[in-house]
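Participant: Just dropping this structure here.
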Amino acid sequence: MATLHKKHRKSDPLDALRPFAPGDAPGVLGRGRARRWLVKYPRAVPVGIFLAIIAITAFSVFAIESNARARERAQLSERAESIVSALERRASSYAAFLRAGAALFAGREAVTPREFQQFVSELRLDDQHRGVEGIGWINLVRGSELEGFIASQRELQPAFKSIRPIPDPAREAIGPVIYFAPETSPYHTIIGFDMASEPIRAAAMQKARDAMRPIASGRVVLMGEGIAGVPGFDIFMPVYRRMGEGPGARRELAGFIFSKFHGGRFLDAAIDNAPAPGLGVRLYDTREAGTDNLLAARPASGASGLRVEQAVSIADRELLLVVESPEASTLATLSMVTLLFGLALASLLMLLARLLTQQALEDQARLAFYEEQHSIRNSLTRELNHRVKNTLANVLSILSLTRRRTSNLNDFATSLEGRIRALSATHDLLTGSDWGTTALRAVIEAEMQHFRFANDEVIVFDGPEVELAPNDALSFGLAIHELATNAAKYGALSVPEGRVEVRWQLVEPHLAEITWVERGGPEVGEITTRGFGTELIQKVVAHELRQPVELAFEPSGVRCVMRVPVRRRGDFRMRADAAIVPTEP
5 MATLHKKHRK SDPLDALRPF APGDAPGVLG RGRARRWLVK YPRAVPVGIF
55 LAIIAITAFS VFAIESNARA RERAQLSERA ESIVSALERR ASSYAAFLRA
105 GAALFAGREA VTPREFQQFV SELRLDDQHR GVEGIGWINL VRGSELEGFI
155 ASQRELQPAF KSIRPIPDPA REAIGPVIYF APETSPYHTI IGFDMASEPI
205 RAAAMQKARD AMRPIASGRV VLMGEGIAGV PGFDIFMPVY RRMGEGPGAR
255 RELAGFIFSK FHGGRFLDAA IDNAPAPGLG VRLYDTREAG TDNLLAARPA
305 SGASGLRVEQ AVSIADRELL LVVESPEAST LATLSMVTLL FGLALASLLM
355 LLARLLTQQA LEDQARLAFY EEQHSIRNSL TRELNHRVKN TLANVLSILS
405 LTRRRTSNLN DFATSLEGRI RALSATHDLL TGSDWGTTAL RAVIEAEMQH
455 FRFANDEVIV FDGPEVELAP NDALSFGLAI HELATNAAKY GALSVPEGRV
505 EVRWQLVEPH LAEITWVERG GPEVGEITTR GFGTELIQKV VAHELRQPVE
555 LAFEPSGVRC VMRVPVRRRG DFRMRADAAI VPTEP
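Letter by letter, the sequence shown follows residues 5 to 589 in my numbering.
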């Protein structure tokens with residue numbers, strides 16, 4: 005039975021919005037926590053969701069960009085390796101030419117112009133060997149043989165004038181350039197230049213002599229018509245001749261066959277062989293990048309982005325190749341799509357969270373409204389009971405006093421009807437104000453409206469705006485009704501020339517003093533007995549208002565002074581959070 009009763013229990017409409025109890029189901033608890041978070045942080049929750057999605061999107065874009073950079077770096081390294089391979093391959097091919105020339109000239113007692121030209125023609129130097137400016141022959145000469153050597157060379161080739169710079173005869177060996185091909189090359193003016201006079205070239209020649217293989221020099225400044233100051237390098241191959249026959253034969257260094265390389269053209273030829281569009285490429289003489297050892301450079305098509313360094317080995321010398329990609333001005337396509345999708349998703353979720361937050365706030369407001377209505381309903385019920393009891397008590401008091409002060413049924417009915425009407429008029433005012441505070445002026449006007457004549461100056465009202473509590477308004481209305489009825493029967497309102505003045509003022513912040521004065525009416529004689537109105541005002545009204553009433557029957561007319569408690573309208577506003585319902589004392 006208990007189970008059946010629980011199953012068919014009538015649900016409370018507030019159950020949907022009540023706070024969740026610890027015994028509720030887990031799903032209900034989860035929704036309750038979410039609702040509480042939405043209500044507690046109406047702005048922070050949507051913003052937090054938006055920032056979380058943006059953070060996830062930013063992380064995703066970062067991962068995509070990192071992968072793109074890694075892929076770009078891998079591609080850049082592959083391009084760099086291709087350029088390095090092209091550089092080394094071209095240098096190796098010319099090193100092989102130099103080895104072949106060294107083998108050919110080693111078997112000659114002397115290298116003549118005809119033999120040198122024949123060798124060069126067989127090499128077929130053309131555009132496919134771009135970057136290599138030509139091949140030359142360096143003949144080693146001892147200082148003691150210098151004059152005879154110069155004289156013999158002038159006879160063999162008119163282009164040979166002298167050796168420069170002027171060599172020191174005391175030097176052990178002098179290495180002038182004797183031949184250089186092709187003859188159309190701007191480097192042809194190098195004939196007669198002493199290669200051993202420069203430290204960089206001299207060091208390379210010495211290293212080649214010791215290693216007996218092609219050796220590249222360091223960064224040198226090329227000399228020739230129109231190319232002065234251009235950086236480049238040389239490759240030297242030593243040529244040894246066999247001197248003598250038999251076991252006592254020895255090998256003697258006769259000279260060097262060498263090639264000159266233009267740094268820029270040599271790099272361009274390698275790049276054209278391994279295309280790298282838009283990339284920045286620089287070739288340095290040593291393993292360290294620097295302006296002083298830059299051999300050649302091709303700038304990137306934009307600001308530098310990723311950078312890859314690769315070692316290059318050319319004729320037993322280590323160079324450094326630096327390849328740079330242009331800086332990406334925008335994100336990758338996938339990153340842009342992810343970013344836009346993330347922004348759209350974050351905005352959508354933030355909007356959804358905002359809508360849920362708004363719904364939660366509306367639910368919370370609805371819950372508060374229902375609770376307030378429930379509280380107001382209970383309050384109105386108690387208030388109604390209180391008002392009905394007070395009204396019935398007033399009616400019983402009026403009924404009891406009227407019965408004692410009348411001798412026949414007609415007088416009883418007439419007096420009782422007037423007083424009930426007075427209560428009804430005040431009740432109408434209270435109903436119009438939702439049983440809140442009622443203006444004192446309105447109470448007086450409601451009770452006096454049946455006693456006004458055509459001349460509005462018969463009754464004068466004067467005083468500030470004052471609000472009365474409901475019970476005080478009822479009691480004060482009865483007092484005014486009794487004074488007005490007495491004035492109409494016996495006092496100032498019973499004759500045309502009579503006047504009534506009702507004035508009030510605040511004597512304290514929460515207390516108003518009302519003065520009723522009658523003038524121009526019949527002369528008032530000595531009062532020997534207390535009538536019903538006097539007793540009602542001095543006992544019932546004074547008791548209800550908790551203030552003394554001064555009632556004087558002066559010869560010129562009745563004078564009554566009453567004090568009524570003043571209330572503010574806000575004191576009677578029913579609130580949902582009120583623990584008890586305020587009632588008038």
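Where a beta carbon is used, it is the ideal one built from N, C-alpha and C, also for glycine.
#1: Does the beta-carbon of His547 have 16 or more other beta-carbons within 10 angstroms, so that it is buried, or is it exposed?
#2: Measure the alpha-carbon distance for Ala174 versus Arg146 and round it to whole angstroms.
#3: At what residues does the beta strand (DSSP E) containing Tyr288 begin and finish?
#4: Pull up the distance between the alpha-carbon of Gln453 and that of Leu365, whole angstroms please.
#5: Between the C-alpha atoms of Ser305 and Gln314, what's the straight-line distance to the nearest angstrom?
#6: Buried or exposed, going by whether 16 or more other CB atoms sit within 10 Å of the CB of Gln634?
#7: Take Arg168 as the anchor and find which of Thr193, Ala185, Arg507, Ser148 has the nearest alpha-carbon.
#8: Tell me whether Ala62 is buried or exposed, calling it buried when 16 or more other Cβ atoms sit within 10 Å of its Cβ.
#9: Per DSSP, which one or two residues make a beta bridge with Glu322?
#10: Please classify Ala107 as buried or exposed, where buried requires at least 16 other C-beta atoms within 10 Å of its C-beta.
#11: Here's the rule I'm using: 16 or more other beta-carbon atoms within 10 Å means buried, otherwise exposed. How should Pro559 be labelled?
#12: Leaving out the 5 sequence neighbours to the left and right, which residues in its chain are closer than 6 Å to Val115 when beta-carbon positions are compared?
#13: By how many angstroms is the C-alpha of Gln363 removed from the C-alpha of Val43?
#14: Apart from the five residues just before and just after Leu487, which ones in its own chain have a Cβ nearer than 8 Å to its Cβ?
#15: Between the Cα of Gln122 and those of Phe184, Ile58, Thr441, spot the shortest distance and give me the residue it belongs to.
#16: What residue range does the alpha helix (DSSP H) around Ile87 cover?
#17: Contact check, Val326 vs Arg286 under 8 Å by CB: the rounded distance?
#18: What is the rounded straight-line gap between the Cα of Glu554 and the Cα of Met566?
#19: Determine the direct distance from the alpha carbon of Gln210 to that of Gly111, and round the result to whole angstroms.
#20: Just confirm the distance between the C-beta atoms of Tyr98 and Ile239, as a whole number of angstroms; I'd bet it's less than 8 Å.
#21: Count the other CB atoms, across all protein chains shown, that sit within 10 Å of the CB of Glu137; report buried if there are 16 or more and exposed otherwise.
#22: So what's His514 in DSSP terms, helix, strand or just coil?
#23: For Gly179, which three-state DSSP category applies?
#24: For Leu444, does the count of other Cβ atoms within 10 angstroms reach 16, so buried, or fall short, so exposed?
Facilitator: So, from the listed chains and residues:
#1: Exposed.
#2: Taking the straight line from one Cα to the other gives about 9 Å.
#3: 284 to 288
#4: 50 Å
#5: 21 Å
#6: Residue 634 lies beyond the range of the chain shown here (5 to 589); nothing can be said about it.
#7: Thr193
#8: exposed
#9: Paired residues: Ser317.
#10: exposed
#11: Result: exposed.
#12: In chain order, Phe109, Trp141 place their CB closer than 6 Å to the CB of Val115, counting only its own chain and leaving out the 5 sequence neighbours on each side.
#13: 9 Å
#14: Taking C-beta separations shorter than 8 Å and ignoring five residues to either side along the sequence, the partners of Leu487 in its chain run Trp520, Gly537, Ile541, Val562, Cys564, following chain order.
#15: The residue among Phe184, Ile58, Thr441 with its C-alpha nearest the C-alpha of Gln122 is Phe184.
#16: 48 to 110
#17: Right, the Cβ-Cβ distance comes to about 5 Å (below 8 Å), so this counts as a contact.
#18: Their Cα atoms are separated by approximately 7 Å.
#19: 22 Å
#20: 7 Å
#21: buried
#22: coil
#23: coil
#24: So Leu444 ends up on the buried side.
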